[in-house]
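Asks: For the sequence shown, this note's numbering assigns the number 10 to the initial residue and increments by one for each residue that follows.
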Amino acid sequence: MRGLELLSSCINCCDSCVVYIKVSKEMIRLTTASMPRVVPDLGRYEAEQRPHWARDDAAPGRFVSSSSIRDDIDLFYFADLRESDVLRVNLHGAVRPTDTYPRFDRIGSSTGTGDSFVSFADPTLALSPELRLGWYLGASGWDPIHSMVSVVQRALEVSGAKSLIFVGGSGGGFAALRTALHFKDARVFCFNPQIDVSAYHPRAVENYVRIAHGGNAENAFEADPARTDMVHAYRDANSRPKVFYSQNISDAFHIRNHYLPFKRAMSVIGADGTSADGQIRFHLYDSERDGHAAPAPREFRSLFSQAVDWYRADSPIP
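(1) If we call anything under 8 Å between Cβ atoms a contact, is residue 173 one with residue 141?
(2) How is the alpha helix (DSSP H) around residue 258 delimited, first residue to last?
(3) Following the continuous alpha helix (DSSP H) through residue 216, name the residue where it begins and the one where it ends.
(4) Would you call the CB atoms of residue 180 and residue 199 closer than 8 Å?
(5) With a threshold of 7 Å on Cβ separation, who are the neighbours of residue 287 within its own chain once the five nearest residues in sequence on each side are excluded?
(6) Closer than 8 Å by C-beta to residue 109: which residues in its own chain qualify, once you throw out the five before and the five after it? Chain order, please.
(7) Tell me the residue span of the alpha helix (DSSP H) that contains residue 320.
(8) If the criterion is Cβ atoms closer than 8 Å, does the pair residue 59 and residue 74 meet it?
(9) Count the other CB atoms, across all protein chains shown, that sit within 10 Å of the CB of residue 267; report buried if there are 16 or more and exposed otherwise.
(10) Alpha carbon to alpha carbon, how far is residue 304 from residue 183?
(11) Roughly how many angstroms separate the alpha carbons of residue 263 and residue 270, rounded to a whole number?
(12) Taking C-alpha atoms, which residue in 84, 47, 93 and 107 lies nearest to residue 100?
(13) Just list the residues that DSSP pairs residue 6 with in beta bridges.
(14) Going by alpha carbons, who is nearest to residue 283 out of 155, 253, 185 and 261?
(15) Determine the contact status of residue 136 and residue 221, defining contact as a CB-CB distance below 8 Å.
(16) Taking one C-beta from the region 203-213 and one from the region 225-245 each time, how about it: are there three or more such pairs within less than 8 Å?
(17) What are the start and end residues of each continuous beta strand (DSSP E) run of 3 or more residues lying completely inside the region 120-170, in chain order?
(18) Buried or exposed: which applies to residue 156, given that a residue is buried once 16 or more other Cβ atoms fall within 10 Å of its Cβ?
(19) If I measure Cβ to Cβ from residue 246 and keep anything under 7 Å in the same chain, skipping five residues before and after, which residues do I get?
(20) Just to confirm the assignment, what range does the beta strand (DSSP E) spanning residue 71 have?
(21) Taking 8 Å as the threshold, find out whether the region 123-131 comes into contact with the region 87-104 through three or more Cβ pairs.
(22) I need the DSSP call for residue 206, collapsed to helix, strand or coil.
(23) Would residue 82 and residue 138 be called neighbours here (beta carbons separated by less than 8 Å)?
(24) Please tell me whether residue 149 and residue 228 are closer than 8 Å, where the distance is taken between their beta carbons.
(25) Taking Cβ to Cβ, would you say residue 309 is nearer than 8 Å to residue 168?
(26) Taking all protein chains shown into account, decide if residue 107 is buried (16 or more other Cβ within 10 angstroms of its Cβ) or exposed.
(27) Please list the terminal residues of the continuous beta strand (DSSP E) segment that includes residue 178.
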């Protein structure tokens with residue numbers, strides 16, 4: 010089985026052998042040149058366009074809408090809302106160079122399930138066409154989290170959903186973990202997520218810091234550690250969502266730098282397992298796709314089904 014060598018060497022290791030790759034606190038402050046903003050392309054989505062739905066309309070349906078974060082930044086989202094027991098919130102990771110903004114994730118896998126869903130595009134990526142990953146963090150002076158929370162609250166009201174599940178992988182998994190903290194009794198299904206943004210690949214982190222914070226790493230990471238590091242956020246939280254954390258065993262980088270540190274912070278000793286408070290389930294899986302890749306469609310369905318079964322075992326979910 011692929012990944013066993015990695016597991017045997019590091020899954021129960023001490024802190025000293027974990028290889029953290031962090032952006033230096035002494036990062037040279039780069040001068041951010043004047044960059045063109047990204048122009049939204051909504052024409053490719055086959056859905057009604059409803060400007061400012063959460064503020065002005067709040068009717069069910071299948072549509073694309075936006076909420077204003079500030080004068081020059083909007084939060085775009087694709088919603089499919091009807092009377093349902095479950096509301097899914099989908100969040101994406103890094104985008105490809107060929108992707109256009111805004112990108113909405115998991116529309117296909119959410120459609121036809123009977124669940125309502127909202128798929129958010131990361132407004133951080135509107136800052137520059139050079140930015141491919143922003144973790145839904147925003148930039149100096151603004152954070153999209155409050156606008157996202159408002160839209161989700163409105164979607165819960167419209168759908169009547171009693172269960173709320175945040176879904177995301179990689180950078181979207183980080184955003185799912187972070188956003189779910191704002192909702193009582195929320196659930197999270199994340200796969201191969203980042204836990205500490207500063208522990209991700211340096212080139213991607215430096216690019217984000219340069220574009221969103223003018224090269225000021227201290228402002229990005231130290232002003233509010235719980236914003237960029239879920240170890241801080243979950244350790245200090247008054248209550249935690251139910252989290253089903255799926256990790257591909259052949260993704261060595263994420264096991265060493267994200268899965269293991271978070272697992273240890275939640276006091277889980279084994280290769281996988283559940284936190285003492287029963288809120289966080291760590292689950293290793295052997296994907297047919299090597300390394301840091303999203304699960305194949307059938308793997309996604311299987312993992313999501315396992316997550317729902319685990320949620321149901323502890324508390325009712327429709």
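Backbone N, C-alpha and C define an ideal beta-carbon position, used for all residues, glycine too.
Replies: Quick answer:
(1) no
(2) Residue 258 -> no alpha helix (DSSP H), and no H or E assigned at all.
(3) 211-222
(4) no
(5) 323
(6) 50 and 53
(7) 306-323
(8) yes
(9) buried
(10) 16 Å
(11) 10 Å
(12) 84
(13) Examination of residue 6 is not possible in this model, given that the chain is present from 10 through 327 alone.
(14) 253
(15) yes
(16) yes
(17) 125-129
(18) buried
(19) 190
(20) 70-79
(21) yes
(22) helix
(23) no
(24) yes
(25) no
(26) exposed
(27) 172-178
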